[in-house]
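Report on one structure; see the data block that follows.
Have a look at this one:
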């Protein structure tokens with residue numbers, strides 16, 4: 202039943218989702234790796250609070 206609903210909703214894009222589900226570990230690892238990279242390499246802006 203789920204397959205028939207997905208076929209109806211996605212139509213020709215069903216093959217793209219099949220490719221994604223086949224290789225989801227690779228894609229998810231790339232996305233999480235990029236997010237971790239951006240998280241740890243982002244520079245924090247700090248204001249210089251020196252008294253004059």
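Numbering (the numbering used here), first residue to last: 202 to 253.
Built from N, CA and C at the ideal position, the CB exists for glycine as well.
As assigned by DSSP and simplified to three states, the class of residue i
i: residue 202; result: coil
i: residue 243; result: coil
Cβ-heavy atom distance, residue i to the ligand NAP, below 7 angstroms
i: residue 231; result: Absence of the ligand NAP is noted for the structure shown, with no ligands found whatsoever.
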